[in-house]
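The opening position of the sequence shown corresponds to residue 796 in our numbering, with each subsequent residue numbered one higher.
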Amino acid sequence: MRRLHIRRADVQTFQQLAGLIIFPQSQLRPPPARLGRRSEGQRALWRQGISGDLPIVVVMIGHLRDMEVVREILTAHTFWHLRGLKVDLVLVSEELPSYDEPLTDHLRRLTEAQAHLTGVDQPGGVYLRSATKISKEELLALQAAARVVLVAARGTLRQQLAATTPPAAKPRQLVPGRHVREEPSAPLPFMELKYFNGLGGFTEDGKEFVIYLGPSTRTPLPWINIMANPKFGALVSESGAECVWGRNSQNDRLTPWFNDPICDPPGTAIYIRDDEIGVMWSPTLQPIREKDAYRARHGQSYTTFEHNSHAIEQQLLTFVPVDDAGGQPVRLQRLRLRNNSSRRRKLTVTAYATLVLGPDPEETGMHIVTKWDLQSQSLFARNAYNPEFCDCLTFATSDPTPTSFTADRAGFIGRNHSLRDPAAMGHERLTGEVGAGLDPCAAVQVVIEIEPGDTAEMTFLLGQADDEEKARGLITRFRDPTNVEAAFQETRQWWDRLLNTIEVETPELSTNLLLNRWLLYQTLSCRVWGRSALYQSSGAYGFRDQLQDVMALVHAAPQLARDHILRAAARQFVEGDVQHWWHPESGAGVRSRISDDLLWLPFVTAHYVRTTGDAAILDQMIPFLDGKPLEEQQTESLSIPVASPKEGSLLEHCRRAVARSATSGPHGLPLIGGGDWNDGLNRVGLGGKGESVWLAWFEICVLKDFAELLTLRELGDEARACRLRAAQLAKTIDAQAWDGAWYRRAYFDDGTPLGSRKNNEARIDSLPQTWAAISGAGDSDRIEVALRSLEENLVREADDLILLFTPPFDKTAADVGYIKGYPPGVRENGGQYTHAATWVAMAFARQGDGDKAVRLLRMLNPVEHARDEKDCERYKVEPYVIPGDVYSLGGHVGRGGWTWYTGAAAWTYRVWLEEILGFQRRGDTLTINPVIPKDWSGFRLRYRFQTTTYRIVVENPDHCSRGVTLVEVDGVLAADKTVRLRDDGLPHEVRVVLGNKPPV
């Protein structure tokens, strides 16, 4: 106070104004009509040198006599700065153009005198602008973006804060008319489930995971479902808590993403109220939990909630439509209520959603403008400030047509209330408040009457469209219950067709459940389409991430795999490097020094071409990107690159990736750059000399695969050069990276080894051992020793863990990177990182050890981690999807980490299908060459090749791990032990026999 020469009353005023900056209100903002006008949004600020990323306060001043409020606000601005609140203060002179411009000169001198702490024309500083020198549209956009707009002529800060907005009129209070003793509700009917663990289990067909929550039970952490299509999606937990998004799960969220696995707060809710007696509840556990049981049934792109209470049988179906055209941008909720009481019931049902329309409600709420569309009888909402999605229209409505509505969240919840007890539910109807300057929500309400024994059905829609006409089209379509049911059935059938492409029947029953359903669903719905989950919500494509994911889709969805390979290739710069990640709508992303990203393009392309036979993709022309290269000391930069006029075939894109990766450090190994597959090792090679042993093995794989592609295009000399480099690299690894009993992980800039017996921490890492085997290029004796060392040091069978490396980083002084930010034994820092753990099983399978490979895969199976309630309390996370990591941290050993959003799902699928079951398609040829446990008598496969079904029976009479001795197709011996695939629409029978000796 002494420093700024202010009084206590001034501090109170400044803090009161700060409250309006942190929690914007309509009090000191432009009128709703002005806020509701369409504008360029945030982009309009950029031309004024204002980012729009910080809160904005605008002061309009037209006369020298009003300078006192300017002095006040400059002092307040400095006060906020000293208290850690960064605000862009924009002083707008309304002085008419003249030769002298005394007002502008005075403002400039005053600003320079008082803004020495905050700065001028810089983020968090003071900006002086003239209303006559910017366009009317830009001025309106600036005022609309501001959290507070002050007009100097209206008096001091205290006087302007004293102005109040009259409260909206409230509807009549609900007055229950009867005192009725409630009739009992029947308990939820029992369901027979597979692998029931006390909380949930699988249905007989494996298509649903059913969670049963009694009066005192909860899942240890949220057990969620990700339901998505290419343009829309939703996350829903067993409690009913939900996040809905439009085109991008980070930057175009319709409702909040909370990232809170402890409280699992809801951003949406459905309320059922018995108007006669005034009792209110919800059909899901959140937000109002009752003593009666709840059941949540997660399926593919849908979740069904069941709850019986107040003599009402309740079933809520939530789903996102999927079809051959990609699905519709809408989340549908169908609520069925059966009246099991002896009296007629009058019920008011309300669907509520907190609106975000961007990344974060704290940033976007003040910019959202809502209106009631009379034509469709629906709530419409826009956020014109969102630069990427300003044209998107969000809608919320119901069938039957809403009887009342509101877009005022503060009014809906009410002072000292919460979503468990919203004030609006104490009134007969909703207020009908819409417009700009509200704390926004979308709540629609319907009133129904149900006779005893009858059932009522209603649908609630929350979606997004390009414009009002398209929104009305979706609303009209899904107000028809027949269309809702048809969309639901088509969604189920679509997933059935995709997931039934390959069906397996092995002695590992829990594995069958994952392989036949959940692994590919997790991969496509979450990783490829949704790109979001409870623990991470990126909305972006990771260059290496989704490329690896689509490798698992080459059989069930080859077109999706093809499309993404081309999508990823288009994110390559002319120089050959790529964006580490990018948002598809704007192209904004990170250019980095991560060294492995670009190599996944030729690696995945080769896998796709080899499997499908679609060599034509290599000739597809794709533009490159133009962007500013990284400076010498830069490790990464965020930018929006532009499409280059230069383009090249996919083969050329792969060629540039391979060429760019041909680096070599002091030991002759590839440079690790800003990190390799393990991003957390981002400082090992910061000086430009650090090397990666794992990357060397991976590069060998890529070089050999790329040589195959070059051979397809009759580029023999280039193919031979690739094979020669691969052979030389293998020799270099054996000469420079062998540590005596395993391969080292990397070298620091100064030549110090990482992943060596010389290290106290990270002494042995799994990656160079597994990829020595996977590449097929390592010395066979050393591979055997390395895998034995891996097993002894990294496989903890008692805890069902396969560690990434050990010991974890804890006390080392070495600056390895951000990986040290994780506690020892968590995620990449010495925990089980499941993605890499799948490669351990793959390596043993490549060595022909089916017993060990399957035992390791069993350790990764989430079903096996949650067999009973005790297991669930230890593991905590969902038992039906693969986790990204499992803790090895003391006191938390065996606890699951991030789930759903992990590349481990695709790799688990591939290792089981391709390595263990030996399913290898090469164009129109199929081979089955399994590596299985010796105690297996065999297994079965059903493969749908286009319209033709192949039923494959594998017999293992000699109980060996591998060695195909006989293949019959439709009873005819296949001399070359292959199956020629043909789409003739007829069923075909394939018999494969394993044995120690070929049949006589």
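Glycine included, each C-beta is placed from N, C-alpha and C at the ideal position.
From the listed residues 1072, 1236, 1061, the smallest Cα separation to residue 969 is found for 1072. If you draw a straight line from the Cα of residue 1528 to the Cα of residue 1488, it is about 7 angstroms long.
Non-local beta-carbon contacts of residue 1689 in its own chain, meaning distances under 8 angstroms to residues more than five positions away in sequence, involve 1594, 1595, 1596, 1660, 1669, 1670, 1681, 1682 in chain order. CA-CA distance, residue 828 to residue 816, rounds to 21 angstroms. Residue 1097 sits in a strand when the DSSP states are folded into three classes. Assigned with DSSP and collapsed to three states, residue 851 falls in strand. Excluding its 5 nearest sequence neighbours in each direction, residue 920 has C-beta neighbours in its own chain below 8 angstroms: 883, 884, 910, 913, 914, listed in chain order.
In the DSSP assignment, residue 1037 forms a beta bridge with 1031. For residue 1492, the enclosing alpha helix (DSSP H) begins and ends at 1488–1507.
Short of 6 angstroms from the beta carbon of residue 1266, and not among the five residues preceding or following it, lie these beta carbons of its own chain, in chain order: 1188, 1190, 1260. Here the alpha carbon of residue 1101 sits roughly 7 angstroms from the alpha carbon of residue 1078. The beta carbon of residue 1646 lies closer than 7 angstroms to those of 1728, 1729, 1756 in the same chain, with the five residues before and after it left out. When the five nearest sequence neighbours on each side are left out, the beta carbons in the same chain lying within less than 7 angstroms of the beta carbon of residue 1015 are those of 1667, 1668, 1671, in order along the chain. Under DSSP, no beta-bridge partner is assigned to residue 1283. Beta-bridge analysis with DSSP links residue 989 to 997. Residue 1233 is a Cβ neighbour of residue 1165, given a cutoff of 8 angstroms.
Where residue 1170 is concerned, there is no enclosing alpha helix (DSSP H), because DSSP gives it neither an H nor an E.
For residue 1650, the enclosing alpha helix (DSSP H) covers residues 1645–1655. Between the C-alpha atoms of residue 1180 and residue 1198 there is a straight-line separation of about 31 angstroms.
Within the stretch 1344–1427, the complete beta strand (DSSP E) segments at least 3 residues long are 1374–1377, 1384–1387, 1416–1421, listed from N- to C-terminus. Setting aside the 5 residues that flank it on each side, residue 823 is surrounded in the same chain by 815, 943, 944, 945, 955, each with a C-beta closer than 7 angstroms to its C-beta; the list follows chain order. For residue 1751, the three-state secondary structure derived from DSSP is coil. By the Cβ neighbour-count rule, residue 1276 is exposed, with fewer than 16 other Cβ atoms within 10 Å of its own. Your pair residue 1129 and residue 1142 does not check out as a contact, with CB atoms roughly 16 angstroms apart and the cut at 8 angstroms. Here residue 1682 carries a coil assignment [DSSP, helix/strand/coil].
For residue 1022, the uninterrupted beta strand (DSSP E) segment begins and ends at 1019–1024. Here residue 949 carries a helix assignment [DSSP, helix/strand/coil]. With contacts defined as CB atoms closer than 8 angstroms, residue 1403 and residue 1095 fail to qualify as a contacting pair. Within the stretch 1232–1301, the runs of beta strand (DSSP E) at least 3 residues long that lie entirely inside it are, in chain order, 1235–1245, 1250–1260, 1297–1300. Contact holds between the stretch 1385–1395 and the stretch 1463–1482, because three or more Cβ pairs, one in each stretch, are under 8 angstroms apart. Counting the other Cβ atoms within 10 Å of the Cβ of residue 1011 gives fewer than 16, which makes it exposed.
By DSSP's assignment, residue 887 forms a beta bridge with 855, 924.
Residue 1118 places its beta carbon less than 8 angstroms from that of residue 1285. With contact defined as three or more Cβ pairs closer than 8 angstroms, the stretch 1317–1325 and the stretch 1146–1161 are not in contact. Residue 1150 is a Cβ neighbour of residue 1163, given a cutoff of 8 angstroms. For residue 1178, the CB contacts under 6 angstroms within the same chain, skipping 5 residues up- and downstream, are 1152, 1153, 1159, 1162, 1163 in chain order.
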